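Quick note on numbering: my numbering labels position 111 of the sequence shown as 111, and the sequence is numbered without any gaps.
Ideal placement from N, C-alpha and C gives every residue a C-beta, glycine not left out.
Predicted, not measured: the structure shown is a model, and the values here were computed from it.
Read the structure below first, then the notes.
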Amino acid sequence: LVIAGAGSNATHEAIHLSRGAKDLGVDGVLLISPYYNKPNQKGIFRHYEAIARAVDVPIVVYNVPSRTGSNIAAGTIKRLSEVPNIVAVKEASGNMAQINAILASVRPQFSVLSGDDLLTYPMMALGAKGVISVTSNVVPELMVQMTHAALDGEWEKARKLHFQMLPLFNDLFLDTNPIPVKTAMRMLKRPSGVFRLPLCDMEPATAEVLRKTLADMKLL
Numbered sequence: 001l002v003i004a005g006a007g008s009n010a011t012h013e014a015i016h017l018s019r020g021a022k023d024l025g026v027d028g029v030l031l032i033s034p035y036y037n038k039p040n041q042k043g044i045f046r047h048y049e050a051i052a053r054a055v056d057v058p059i060v061v062y063n064v065p066s067r068t069g070s071n072i073a074a075g076t077i078k079r080l081s082e083v084p085n086i087v088a089v090k091e092a093s094g095n096m097a098q099i100n101a102i103l104a105s106v107r108p109q110f111s112v113l114s115g116d117d118l119l120t121y122p123m124m125a126l127g128a129k130g131v132i133s134v135t136s137n138v139v140p141e142l143m144v145q146m147t148h149a150a151l152d153g154e155w156e157k158a159r160k161l162h163f164q165m166l167p168l169f170n171d172l173f174l175d176t177n178p179i180p181v182k183t184a185m186r187m188l189k190r191p192s193g194v195f196r197l198p199l200c201d202m203e204p205a206t207a208e209v210l211r212k213t214l215a216d217m218k219l220l
């Protein structure tokens with residue numbers, strides 16, 4: 001699947017980007033909630049509803065309050081889950097009480113996806129369907145094995161894989177995402193592109209912590 005990031009804090013721009021993505025043939029769009037202007041819950045709902053009405057493409061809502069400055073409440077996600085072409089949420093609030101409320105209330109066909117690698121195992125134990133992952137850029141095979149094990153009910157296998165990846169879950173957030181993951185990929189000699197300002201290289205001492213973790217995991 002190809003899911004294009006098409007979010008904006010201006011509804012008309014998000015519609016424009018989503019239409020463009022659809023015209024290119026994507027399978028869906030990932031729409032971050034409006035950032036900076038901090039709409040209330042009514043405004044957040046109407047933002048997504050307007051996009052869903054304007055563009056016939058599967059929509060994944062993206063809730064990441066640490067980046068946007070506002071949270072999509074569980075009740076709002078429940079309402080959004082009832083809009084036909086809103087099919088999933090990438091939930092990165094880090095709030096397990098909210099995550100419980102979401103999973104308990106959305107329709108069965110609606111996919112709740114973890115937006116936080118560290119919480120993927122507990123979220124899937126509660127009924128989440130998977131993860132949109134940072135760590136999978138470094139160890140895709142381990143993340144796939146863990147999520148497949150969880151979906152198959154092999155919880156002990158999934159738990160072991162969770163703890164195997166735990167050092168990466170932590171160290172890939174030693175600096176602002178995506179700086180550490182791009183640094184790790186560079187260390188692994190994988191294509192990672194350059195940092196565009198205002199993002200820049202990790203401090204050498206911090207990068208060395210990440211390098212040691214990769215070495216300890218026998219990835220280097």
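Hey, residue 219 and residue 188: beta-carbon distance below 8 Å or not?
Contact: yes.
So, does the segment 147 to 158 touch the segment 194 to 202, judging by three or more C-beta pairs under 8 Å?
Not touching, per the Cβ criterion.
My understanding is that residue 81 touches residue 107, with C-beta atoms under 8 Å, so please give their C-beta distance in whole angstroms.
5 Å
Would residue 124 count as contacting chain B if we go by Cβ distances under 8 Å?
Of the chains in the structure shown, none is chain B; there is only one protein chain.
Are residue 18 and residue 6 touching if we call contact CB-CB under 8 Å?
yes
Mapping the DSSP letters down to three states, classify residue 208 as helix, strand or coil.
helix
To the nearest angstrom, report how far apart residue 167 and residue 83 are at their CA atoms.
38 Å
Extract the residue ranges of the beta strand (DSSP E) inside the segment 60 to 146, only unbroken runs of 3 or more that lie entirely within it.
86 to 91, 111 to 114
Pick out whichever of 175, 52, 173, 185 has its Cα sitting closest to the Cα of residue 140.
185
Assuming residue 27 and residue 58 make a contact with CB atoms under 8 Å, what is their CB distance in whole Å?
7 Å
Skipping 5 residues on each side, what residues in its chain have a beta carbon closer than 7 Å to that of residue 137?
For residue 137, where only same-chain residues beyond five positions count, the Cβ hits under 7 Å are 181, 185.
Residue 169 and residue 118 look like a contact to me (Cβ under 8 Å); what is the Cβ gap, rounded to whole Å?
4 Å
So which of 21, 113, 36, 74 has the shortest CA-CA distance to residue 60?
113
Using the beta-carbon count (16 or more within 10 Å), is residue 125 buried or exposed?
exposed
Looking at residue 111: is its Cβ nearer than 8 Å to the Cβ of residue 78?
no
Going by DSSP, which residues form a beta bridge with residue 28?
In DSSP, residue 28 forms a bridge with 3.
Report the start-end ranges of each beta strand (DSSP E) in the segment 161 to 199 that is 3 residues or longer and not cut off at the edges.
none
Rounded to a whole number of angstroms, what is the C-alpha to C-alpha distance between residue 146 and residue 161?
C-alpha separation (whole angstroms): 6 Å.
Quick check on DSSP: helix, strand or coil for residue 21?
helix
Once you ignore the five residues that flank residue 50 on each side, which residues in its own chain have a CB closer than 8 Å to its CB?
Contacts found: 11, 15.
Exposed or buried, residue 204, counting other C-beta atoms within 10 Å across all chains shown (16 or more means buried)?
exposed
Report the three-state DSSP secondary structure of residue 214 (helix, strand or coil).
Here residue 214 sits in helix by DSSP.
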